[in-house]
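K.L.:
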Amino acid sequence: MTDRFRPVASLAVPFALAALAGCGFQDPGGPVPQPDSQVFGRITAIRDTGDGSGTREVEIRAGVPATLESVMRREGRLLPAMEKDLQVRVKVTPETVCVKDMLPTDLGAFRAGQEVAVIPLAGTSTLTGTKLLQVEAIALYDFHDYAVQYLPKALEALPEGVASRRDPLRVNSSGLERTPLPLRDGTVVYFSAGLLPAVSGEDAPPRGAERAGMRDGSGALAPWAIGGTRPYRTELGSGGWSAPTPVELPGLDVEASATLSWVSDDETSCLVEVRRPDGSVRLAASKRPDARAPWGSLEPVAETGEKDAGDAQRFGKDGGALVWTTFGAADSNLWLAMPGAEGQMLEPRINTAGSEWSPRVGPNTQLYFCRAERQLLFANGVVQAVRLPGEQRRPLLEAAPTSDGAFLFHRVPRYTPGGIDWDLAVAAKVGEGWGPSVPLDDWKR
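Note that the sequence shown covers residues 1 to 445 in this note's numbering.
1. Check whether the Cβ atoms of E177 and A193 lie closer than 7 Å to each other.
2. For V199, does the three-state DSSP call read helix, strand or coil?
3. Can you tell me where the alpha helix (DSSP H) holding P149 begins and where it ends?
4. Quick test of the definition: if touching needs 3 or more C-beta pairs under 8 Å, does the segment 39 to 54 touch the segment 103 to 123?
5. Would you mind reading off the limits of the beta strand (DSSP E) that contains G105?
6. Does the segment 414 to 427 come close enough to the segment 92 to 107 that 3 or more CB-CB pairs lie under 8 Å?
7. Tell me the rounded alpha-carbon separation between R314 and D331.
8. Taking the Cβ atom as the reference point for each residue, do T446 and E59 lie within a distance shorter than 7 Å?
9. Return the chain-ordered list of same chain residues with a C-beta closer than 6 Å to the C-beta of L132, the five sequence neighbours on each side being excluded.
10. Since I believe V426 is in contact with F407 (beta carbons under 8 Å), could you give me their beta-carbon distance rounded to a whole number of angstroms?
11. Per DSSP, which one or two residues make a beta bridge with K100?
12. Please report how far the alpha carbon of Y368 lies from the alpha carbon of D85, in whole angstroms.
13. Is it buried or exposed, N380, if we count other Cβ atoms within 10 angstroms and call 16 or more buried?
14. Look at the alpha carbon of Y190 and the alpha carbon of P182, and state the distance between them as a whole number of angstroms.
15. Measuring CA to CA, which of G340, T259, D185 and V32 is closest to L127?
16. Can you list, in chain order, the residues of its chain with a C-beta nearer than 7 Å to that of A222? Leave out the 5 residues immediately preceding and following it.
17. If you follow the beta strand (DSSP E) that P359 is part of, which residue opens it and which one closes it?
18. Are the CB atoms of T234 and V171 nearer to each other than 7 Å?
19. Would you mind listing the beta strand (DSSP E) stretches within the segment 211 to 287 that are 3+ residues and don't spill past its ends, in chain order?
20. Expressed to the nearest angstrom, what Euclidean distance is found between the alpha-carbon atoms of D36 and T187?
21. For the candidate residues P294, A428 and A399, whose alpha-carbon lies nearest to that of M357?
22. Tell me whether D308 sits in a helix, a strand or coil according to DSSP, three-state version.
23. May I have the straight-line CA-CA distance separating E450 from E306, to the nearest angstrom?
24. Which term fits N333, buried or exposed, when burial requires 16 or more other beta carbons within 10 angstroms of its beta carbon?
25. Sort out for me which residues DSSP pairs W335 with in a bridge.
26. With DSSP collapsed to three states, give me the class of A302.
27. Could you pull out every residue in the same chain whose Cβ sits closer than 7 Å to the Cβ of T44, ignoring the five residues on either side in sequence?
28. For Q26, name the three-state secondary structure that DSSP assigns.
29. Pick from W262, L195, D308 and S280: whose alpha carbon is nearest that of K287?
30. Under 7 Å between the Cβ atoms of Q392 and T55?
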């Protein structure tokens, strides 16, 4: 379920490209395809392309960022060879993710003279002559933010907020928060939470808020707590969101992760995705007589058969229809079972050779779902991207609308060491789209 930006193994690659020009394999008068590799350097200019597509062009003088150079010299490592005066032209499109201060932003936050790292879209790198490299960016990082995510050892200190957000009274932390499920027009939210491993050092505490239920009877962290998740519930009152409380599900293995993917409006029925340490995934259901009673035993969901399945939602009259995710060795797909009928894989406009997951049914049976790390919507027979405001793309995942369609609960990224720390957020409906994403702790209906 990921197409995260990955650094190449060698930092020298971007600066050695120009050496190919003298090998007799290309016409020096035209652009020649090159292996895709990250580019480092300093912005010299930013300009519009003028083609009406929203694409802008960033000129970069390639070079080793000062931060990285000092670290490599201190450690006695060889500096990458760089062709003198190599210029790079980077296309930044509305689909590019720009990262500054660990958050997605617009290209307008970048200035001439700024050190940056560019991750190219596969198949877009070309070299003209020996001095001009052209790429289209899938991501443009302020170099300090690139170092935070991929080279944390190169920093004298990590930025504030990487590991310090630990308040168990709040929803978002520097750990894992995912799968928001809004009820009662968004005033009740179920979500899943866990801890992330420490950035460095075996003695450092894990990242995130240590919440109720994360320790076992002996006082030790439960096996699932670091890297796994369990479900929690919070409710919006006059003073803000209540402290998240654990959802107790009987019969779970202490090493298994559990995520609620659907809860009925009256909070008496739920669906649970259970992930075991052996990699198996199963979908289970639980019921209780009223919203104050303990949850009952976890029971198999007949519609999914024997396949690895989870990430499901009931909808329609009396919750008789079920949409869910089946997991294969290398991908996942969405399935649907209508009342009284066997389950079937959803149509090719939805299911592709990639991974589809997180189905959420909104008003008028619109289907929100994720494909890899893109949030999509199937409505009126068309699959379309779900976008948040901004000139460049603001990633979001696991979008779940309120029953009236007025708000979209989702998760948004922070680009932190070793990966992405996702926080829960809310956007209000504005026309046919959505307004700005507001962190859940700060949102009031």
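Beta carbons: idealized from backbone N, C-alpha and C, even for Gly.
In this text, all values refer to a predicted model and were calculated from it rather than measured experimentally.
P.N.:
Judging by the given coordinates:
1. One-based indexing of the sequence shown puts residue 177 at position 177. One-based indexing of the sequence shown puts residue 193 at position 193. Going by C-beta atoms, E177 is nearer than 7 Å to A193.
2. Indexing the sequence shown from 1 puts residue 199 at position 199. It is coil, neither helix nor strand.
3. Along the sequence shown, read from residue 1 onward, the residue named residue 149 stands at position 149. In the sequence on display, residue 149 carries Gln and not Pro. Where Q149 is concerned, the enclosing alpha helix (DSSP H) stretches over F143 to Y150.
4. yes
5. One-based indexing of the sequence shown puts residue 105 at position 105. Note on identity: in this sequence residue 105 is Thr, with Gly being the wrong assignment. From DSSP, the beta strand (DSSP E) with T105 extends over L103 to T105.
6. yes
7. Translated into the one-based positions of the sequence shown, residue 314 becomes position 314. Translated into the one-based positions of the sequence shown, residue 331 becomes position 331. Those two C-alpha atoms are separated by around 23 Å.
8. This structure leaves residue 446 out entirely; the chain is present only between 1 and 445.
9. Numbered from its first residue, the sequence shown carries residue 132 at position 132. Only Q87 meet the Cβ criterion.
10. Here residue 407 is taken as the residue at index 407 of the sequence shown, counted from 1. Here residue 426 is taken as the residue at index 426 of the sequence shown, counted from 1. Contact holds; Cβ gap of about 5 Å.
11. Here the question's residue 100 lines up with position 100 in the sequence shown. Bridge partners of K100: L103.
12. As a working mapping, residue 368 is identified with position 368 in the sequence shown. As a working mapping, residue 85 is identified with position 85 in the sequence shown. Whole-angstrom Cα-Cα distance: 47 Å.
13. Numbered from 1 along the sequence shown, position 380 holds the residue referred to as residue 380. Exposed.
14. Counting from one through the sequence shown, the residue named residue 190 turns up at place 190. Counting from one through the sequence shown, the residue named residue 182 turns up at place 182. Taking the straight line joining both Cα atoms gives about 7 Å.
15. The count along the sequence shown starts at 1 and reaches residue 127 at position 127. Checked all of G340, T259, D185 and V32; the closest Cα to L127 is V32.
16. In the sequence shown, counting from the first residue as 1, residue 222 sits at position 222. The residues are M214, R215, D216 and V254.
17. Taking the sequence shown and counting its residues from 1, one reaches residue 359 at position 359. Here the beta strand (DSSP E) through P359 covers E356 to V361.
18. For this step, residue 234 is matched to residue 234 along the sequence shown. For this step, residue 171 is matched to residue 171 along the sequence shown. Yes; because the gap between Cβ atoms is below 7 Å, this pair is in contact.
19. 230 to 237, 257 to 263, 269 to 275 and 281 to 287
20. Taking the sequence shown and counting its residues from 1, the one referred to as residue 36 is at position 36. Taking the sequence shown and counting its residues from 1, the one referred to as residue 187 is at position 187. For D36 and T187, the distance between alpha carbons rounds to 46 Å.
21. Translated into positions along the sequence shown, residue 357 becomes position 357. Residue identity differs from the one stated: residue 357 is Trp in this sequence, not Met. For W357, the nearest C-alpha among the options comes from A399.
22. The residue you call residue 308 lines up with position 308 of the sequence shown. Coil, per DSSP.
23. Because the chain spans 1 through 445 in this model, residue 450 falls outside it and cannot be assessed.
24. Within the sequence shown, the letter at position 333 stands for residue 333. Looking at its Cβ environment, which holds 16 or more other Cβ atoms inside 10 Å, N333 is buried.
25. Position 335 of the sequence shown, counted from the start, is the residue given in the question as residue 335. DSSP lists W324 and M345 as partners of W335.
26. As a working mapping, residue 302 is identified with position 302 in the sequence shown. Reduced to three states, the DSSP call for A302 is helix.
27. Mapped onto the sequence shown, residue 44 falls at position 44. Same-chain partners within the cutoff: E59, I60, R61 and A112.
28. Position 26 of the sequence shown, counted from the start, is the residue given in the question as residue 26. At Q26 the pLDDT is 48, less than 50, meaning the model places this residue with poor confidence; the figure from the coordinates comes in the next sentence. Of the three classes helix, strand and coil, the one that applies to Q26 here is coil, per DSSP.
29. By one-based count along the sequence shown, residue 287 stands at place 287. Closest by alpha carbon: W262.
30. Looking up residue 392 in the sequence shown gives position 392. Looking up residue 55 in the sequence shown gives position 55. No, they are not a contact pair.
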